[in-house]
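Colleague: Those letters in the sequence shown? Residues 1 to 108, by the numbering used here.
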Amino acid sequence: MIRKLNWQVFTEQERNKAIEDLKGKISSHGGYIVNSTFFSDLAISLTIEIEENDILKLYASIQESMTISESGFDNLNVNAGNEWWIFLNVTFRQGKGDLKIDVPNVPG
Numbered sequence: 001m002i003r004k005l006n007w008q009v010f011t012e013q014e015r016n017k018a019i020e021d022l023k024g025k026i027s028s029h030g031g032y033i034v035n036s037t038f039f040s041d042l043a044i045s046l047t048i049e050i051e052e053n054d055i056l057k058l059y060a061s062i063q064e065s066m067t068i069s070e071s072g073f074d075n076l077n078v079n080a081g082n083e084w085w086i087f088l089n090v091t092f093r094q095g096k097g098d099l100k101i102d103v104p105n106v107p108g
């Protein structure tokens, strides 16, 4: 059975830079983003699949550049290779809530 964690992250970084930063941290610690949902330019929700023995390293890596909630992994076994899902909700403090994406007209 896959175990789950919920983390809340806040960042002052520009949205695209923060997303690229998180993608790099997740992949360099053996994790995979299995789902993502954008909420304008204010927030993104990521579902990460990662092995139990990589969770502490990922948490510490995120904590280096962003504010992150309490870990919630009191019962973590760092020697186990069990799969975990981390639900990561990221709030961009510089977001305005009015993200607009221009879609060009397509002839035809």
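Here a beta-carbon is modelled for each residue, glycine too, at the ideal position from N, C-alpha and C.
Cα separation between Asn51 and Ile86?
Modeller: Against the sequence shown, residue 51 aligns to sequence position 51. Against the sequence shown, residue 86 aligns to sequence position 86. Before going further, note that residue 51 is Glu rather than Asn in the sequence given. Cα to Cα, the separation comes out at about 10 angstroms.
Colleague: Closer than 6 angstroms by C-beta to Tyr59: which residues in its own chain qualify, once you throw out the five before and the five after it? Chain order, please.
Modeller: Position 59 of the sequence shown, counted from the first residue, corresponds to residue 59. Closer than 6 angstroms at Cβ, skipping near neighbours: Ser71.
Colleague: Taking the C-alpha atoms as reference points, what is the distance between Val78 and Leu56?
Modeller: As a working mapping, residue 78 is identified with position 78 in the sequence shown. As a working mapping, residue 56 is identified with position 56 in the sequence shown. Distance between the alpha carbons of Val78 and Leu56: 8 angstroms.
Colleague: Mapping the DSSP letters down to three states, classify Gln63 as helix, strand or coil.
Modeller: As a position in the sequence shown, residue 63 is number 63, starting the count at 1. Looking at Gln63 - three-state DSSP - the assignment turns out to be helix.
Colleague: Going by C-alpha to C-alpha distance, which of Asn35, Arg3 and Ile2 sits closest to Asn89?
Modeller: Within the sequence shown, the letter at position 89 stands for residue 89. Measuring from the Cα of Asn89, the nearest candidate turns out to be Asn35.
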